[in-house]
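**Q** What follows is a single structure, and I will ask about it in a moment.
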Amino acid sequence: MHLPDEVLVSKSKNGDLDAFEELVRRYEGKVYGMAFRFMGNHADAMDLAQEGFIRLYQNLPGFRGDSSFSTWMYRVVANACRDELRRRQRQRSVSLEEMADSAGGSIPVPSAEVSPEEAAERNELQEYVQMCLNSLSEEHRLILIMREIQGLSYDEIADTLDCSLGTVKSRLNRARHALKDRVAMHRELFNGDYRLSVKGRA
Amino acid sequence: MQCKDVREILSPYLDGFLEPEEQRKVERHLESCPACQAQYADLRHTVELLRELPEVTPPAGFRKQLREQLEALEQPVPVATGSARSKGRGGWRNWMGMLAAAAVLVVALGISGLWQGSLANLTGPGEGLLARLFTGSGQSDKLALEEQVQAGQKGHLEKLVDRLALDGSAPALDVVPESMDIATVPEGRGGDDYARVPADDDQTMIGITAVGTGEESMMGAANEPPEVGSSAKQLAREAHLTLIVSEPVQVAAEIADLGQMHNARVTASTREGNVVLELRVALDDFKPFWQQLQSYGKISDRIIKDHDLSRDIESAEVNIQQLLGQQKELSQPVELEQIKHDLLTQQRQLDELNEQAGTAVIKLKLNREE
Numbered sequence: 000m001h002l003p004d005e006v007l008v009s010k011s012k013n014g015d016l017d018a019f020e021e022l023v024r025r026y027e028g029k030v031y032g033m034a035f036r037f038m039g040n041h042a043d044a045m046d047l048a049q050e051g052f053i054r055l056y057q058n059l060p061g062f063r064g065d066s067s068f069s070t071w072m073y074r075v076v077a078n079a080c081r082d083e084l085r086r087r088q089r090q091r092s093v094s095l096e097e098m099a100d101s102a103g104g105s106i107p108v109p110s111a112e113v114s115p116e117e118a119a120e121r122n123e124l125q126e127y128v129q130m131c132l133n134s135l136s137e138e139h140r141l142i143l144i145m146r147e148i149q150g151l152s153y154d155e156i157a158d159t160l161d162c163s164l165g166t167v168k169s170r171l172n173r174a175r176h177a178l179k180d181r182v183a184m185h186r187e188l189f190n191g192d193y194r195l196s197v198k199g200r201a
Numbered sequence: 000m001q002c003k004d005v006r007e008i009l010s011p012y013l014d015g016f017l018e019p020e021e022q023r024k025v026e027r028h029l030e031s032c033p034a035c036q037a038q039y040a041d042l043r044h045t046v047e048l049l050r051e052l053p054e055v056t057p058p059a060g061f062r063k064q065l066r067e068q069l070e071a072l073e074q075p076v077p078v079a080t081g082s083a084r085s086k087g088r089g090g091w092r093n094w095m096g097m098l099a100a101a102a103v104l105v106v107a108l109g110i111s112g113l114w115q116g117s118l119a120n121l122t123g124p125g126e127g128l129l130a131r132l133f134t135g136s137g138q139s140d141k142l143a144l145e146e147q148v149q150a151g152q153k154g155h156l157e158k159l160v161d162r163l164a165l166d167g168s169a170p171a172l173d174v175v176p177e178s179m180d181i182a183t184v185p186e187g188r189g190g191d192d193y194a195r196v197p198a199d200d201d202q203t204m205i206g207i208t209a210v211g212t213g214e215e216s217m218m219g220a221a222n223e224p225p226e227v228g229s230s231a232k233q234l235a236r237e238a239h240l241t242l243i244v245s246e247p248v249q250v251a252a253e254i255a256d257l258g259q260m261h262n263a264r265v266t267a268s269t270r271e272g273n274v275v276l277e278l279r280v281a282l283d284d285f286k287p288f289w290q291q292l293q294s295y296g297k298i299s300d301r302i303i304k305d306h307d308l309s310r311d312i313e314s315a316e317v318n319i320q321q322l323l324g325q326q327k328e329l330s331q332p333v334e335l336e337q338i339k340h341d342l343l344t345q346q347r348q349l350d351e352l353n354e355q356a357g358t359a360v361i362k363l364k365l366n367r368e369e
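Respectively, the protein sequence lines represent chains A and B.
Residue numbering for the first sequence is 0 to 201, as defined by numbering that gives the first Met the number 0.
Residue numbering for the second sequence is 0 to 369, as defined by numbering that gives the first Met the number 0.
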């Protein structure tokens, strides 16, 4: 059955779990991907991704169709990530990553064992980038995921994170620079020889 | 422009998010500054790396686990066995007395709900509520008695009502032992902050009503133990839904069509451009209908109340038997006349109860968007 998203959404609103499951099938790669990029491991990603889909299902009555389903979905998932972030921040008084980040990145990227050449051969470039991501603060990780992976606009990010546009600009700036500094330890990654995916650079 | 200033805004520059003035400044700086050029190139590559990160396939069992959780949400909450006690022990006698007096009022106001009949005899806020409900005085849509919910109960009840509103197939509200775990909707869910909706209400705003008359409480005192050994439940459901729509009359027409498909009896009235509908469906048909209704507009109020009529029905039947017994022993015409009148009244009430049992009445308000 290949029905358009809108029809599946409409059916799901009526409690059709099969229709909703089809939606899940279509988007689980993206949703789980976000969750995984944010949490850094599969166990936590499972929980977060499921939370995201459950929220989606429960919020269906509120989805009016004024935005596309995928945009709306990203925002719900981003909210789940943000709530998880806040939960963790409450539990921790000081985050090591945050300290390191503000001090200029003294947490080393664990790149010593794997050279980029080996990583490319073993198709582990993605893991390398993920490792770099993991070494960022959660705040930086989240905003990078929202911007680069979910493709949310500055406005949408400000709205979700409940902060000003100016904060989004500066935080995104710092996050990107932070990631760049880590990844740039291996310049070779930038010369275009290495591909993360079969599709290559856009 | 200094290098460090440029570095601060390289990111919005990348996204094209700078004012044209600033953008030109950065461009000019980049033309002549190799260090910043390199920074910018690195930044662009980093962003590209991120954007190229592939989707991640979830591990096996992900969808199955999710499905199980969703199905668990759809199940009604298992409730402690025992019929709902909507009245205190021995309270039905009081109820009977009130009912006789209320019968005239019931007929006069054309109210079909018997529990509303008992409301008729409340003094104080309850009476005001009745007046508001049935004279259409244009009061606020939320049933006004929600203010009477005792503060101590509210958090607990809110969770239950929230839970009920999700699947619409809830058991009687008035069986809520304190110890029951109903946390199927943990804190933080429910979508009340997933997107900044301009209005001040969120979609899970639920009004809670309680009839505060001391021993009689429709919501049930939480410390009242549920009765053991239930008879077959004879439920009557009362559901209220308020939707904000742009064209109430048009939506009402659509809903009337929808109602027909669900074998619902629909009546409607308009008031100041807003429409109030009353839809009666069999309890078995309630759930899909209820869910579909909610997609017709923005939900601003949503309440479901169940009333277990089995005790009332039982009482009515017992009364009829008693009256019949008495009738045999009377001879005076005046007394006989009185008994006949009582029997008729009681029979009519029993008929109404039976009609309500297994039925859901949905009071749907369609309010025009402001």
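Using N, Cα and C, we set each Cβ at its ideal position, and we do this for glycine too.
Alpha helix (DSSP H) containing B/R66: first to last residue?
**A** It spans F61 to E73 - the alpha helix (DSSP H) in which B/R66 sits, taken as one unbroken run.
**Q** Hey, how far is the Cα of B/V5 from the Cα of A/M145?
**A** Roughly 24 Å between the two C-alpha positions.
**Q** Output yes or no for whether 8 Å exceeds the beta carbon distance between B/L426 and B/L343.
**A** Here chain B covers residues 0 to 369 and nothing more, so residue 426 of chain B does not appear.
**Q** Which residue wins for smallest C-alpha separation from B/E246, given the options B/V280, B/Q326 and B/L365?
**A** It is B/L365 whose Cα lies nearest to the Cα of B/E246.
**Q** Which of the three DSSP states is assigned to B/L263 in this structure?
**A** Checking the displayed sequence, the identity of residue 263 of chain B turns out to be Ala instead of Leu. Three-state result, B/A263: coil.
**Q** Going by DSSP, name the residue or residues bridged to B/I298.
**A** B/I298 is bridged to B/L242.
**Q** Going by DSSP, name the residue or residues bridged to B/S268.
**A** Per DSSP, B/V275.
**Q** Strictly under 8 Å for the Cβ-Cβ distance: is A/G28 near chain B by that measure?
**A** By this cut-off, A/G28 is an interface position.
**Q** Does DSSP put B/N366 in a helix, in a strand, or in coil?
**A** Note: B/N366 maps to strand in three-state DSSP.
**Q** Taking A/V31 as the query, report the chain B residues whose CB atoms sit under 8 Å from its CB, ordered along the chain.
**A** The identity of residue 31 of chain A in the sequence shown is Tyr, whereas the question assumes Val. Near A/Y31 (Cβ distances below 8 Å), the residues of chain B are E54, V55, T56, P57 and F61.
**Q** Note down, in chain order, every chain A residue with its Cβ under 8 Å from the Cβ of B/P370.
**A** No answer is possible for residue 370 of chain B: the residues shown for chain B start at 0 and end at 369.
**Q** Return the CA-CA distance between A/I53 and B/E73, expressed in angstroms with no decimal places.
**A** Approximately 12 Å, taken between the alpha carbons.
**Q** Is it a yes or a no for the region 245-260 of chain B touching the region 269-278 of chain B, going by three-plus beta-carbon pairs under 8 Å?
**A** Cβ pair count under 8 Å is three or more, so yes.
**Q** Spell out whether any CB of chain B is found under 8 Å from the CB atom of A/G103.
**A** Residue placement at A/G103 is flagged as unreliable, the pLDDT there being 40, under the threshold of 50; the coordinate-derived value follows with that caveat. For A/G103, the answer is no, since every Cβ of chain B falls outside 8 Å of its Cβ.
**Q** Mind reading off the beta-carbon distance from A/L59 to A/S134? Whole number of angstroms is fine, and I expect it under 8 Å.
**A** About 37 Å; that fails the 8 Å criterion.
**Q** Contact criterion: CB-CB distance below 8 Å. Does A/S110 meet it with respect to chain B?
**A** Below a pLDDT of 50, predicted positions are generally treated as unreliable, and A/S110, at 43, falls in that range; the measurement from the model is reported next regardless. Closer than 8 Å: no.
**Q** Over what stretch of residues does the alpha helix (DSSP H) that includes A/H41 continue unbroken?
**A** First-last of the alpha helix (DSSP H) with A/H41: H41 to N58.
**Q** Using the rule of at least 16 other Cβ atoms within 10 Å of the residue's Cβ for burial, across every protein chain shown, is B/L172 buried or exposed?
**A** Low per-residue confidence applies at B/L172: pLDDT is 36, beneath 50, and the placement is therefore not dependable, though the value from the model is reported in the following sentence. B/L172 comes out buried.
**Q** Determine the extent of the alpha helix (DSSP H) in which A/R175 is found, giving its start and end residues.
**A** Its alpha helix (DSSP H) spans residues L164 to V182.
**Q** Please tell me whether B/I372 has its Cβ less than 8 Å away from any Cβ of chain A.
**A** Beyond the ends of chain B as shown, which are 0 and 369, falls residue 372 of chain B; an answer cannot be given.
**Q** Buried or exposed: where does A/R87 fall if 16 or more other Cβ atoms within 10 Å of its Cβ makes it buried?
**A** Burial call: exposed.
**Q** Rank B/A235, B/Q1 and B/I302 by C-alpha distance to the C-alpha of B/E26 and give the top, closest one.
**A** Out of B/A235, B/Q1 and B/I302, B/Q1 has the C-alpha closest to the C-alpha of B/E26.
**Q** To the nearest angstrom, how far is it from the Cα of A/H202 to the Cα of B/D283?
**A** No information on residue 202 of chain A is available, as it lies outside the stretch 0 to 201 that chain A covers here.
**Q** Please report the residue range of the alpha helix (DSSP H) in which B/V55 lies.
**A** Element bounds for B/V55: n/a, residue is neither H nor E.
**Q** May I ask which residues mark the beginning and end of the alpha helix (DSSP H) holding A/I144?
**A** Where A/I144 is concerned, there is no enclosing alpha helix (DSSP H), given that its DSSP letter is neither H nor E.
**Q** Report the neighbours of B/S299 on chain C: residues whose CB is nearer than 9 Å to its CB, in chain order.
**A** No chain C is present in this structure, whose protein chains are A and B.
**Q** Report the rounded CA-to-CA distance for B/E328 versus B/Q233, giving the unit in angstroms.
**A** Looking at the two C-alpha atoms, the distance is approximately 33 Å.
**Q** Chain A partners of B/R50, CB-CB under 9 Å?
**A** Within 9 Å Cβ-Cβ: E147, I148, G150 and A201.
**Q** Could you check the C-alpha separation between A/W71 and A/C162 for me, to the nearest Å?
**A** A/W71 and A/C162: Cα-Cα distance of roughly 19 Å.
**Q** Check the Cβ-Cβ distances between A/H176 and every residue of chain B, and say whether any is below 8 Å.
**A** Yes, because at least one Cβ of chain B sits closer than 8 Å to the Cβ of A/H176.
**Q** May I ask you to report which of helix, strand or coil DSSP gives B/H340?
**A** Correct three-state label for B/H340: helix.
**Q** Report the residue from B/E30, B/R66 and B/T45 whose alpha carbon sits nearest the alpha carbon of A/R24.
**A** Checked all of B/E30, B/R66 and B/T45; the closest Cα to A/R24 is B/R66.
**Q** In whole angstroms, give me the CA-to-CA distance for B/G357 and B/Q348.
**A** So the two alpha carbons sit approximately 16 Å from each other.
**Q** Taking the straight line between their C-alpha atoms, what separation do you get for B/Q36 and A/E126?
**A** Taking the straight line joining both Cα atoms gives about 28 Å.
**Q** Go ahead and pull the three-state DSSP assignment for B/L128.
**A** Confidence in B/L128 is poor, its pLDDT being 38 and thus under 50, which makes the residue's placement too unreliable to answer from.
**Q** Mind checking which residues open and close the alpha helix (DSSP H) that includes A/D158?
**A** Here the alpha helix (DSSP H) through A/D158 covers Y153 to L160.
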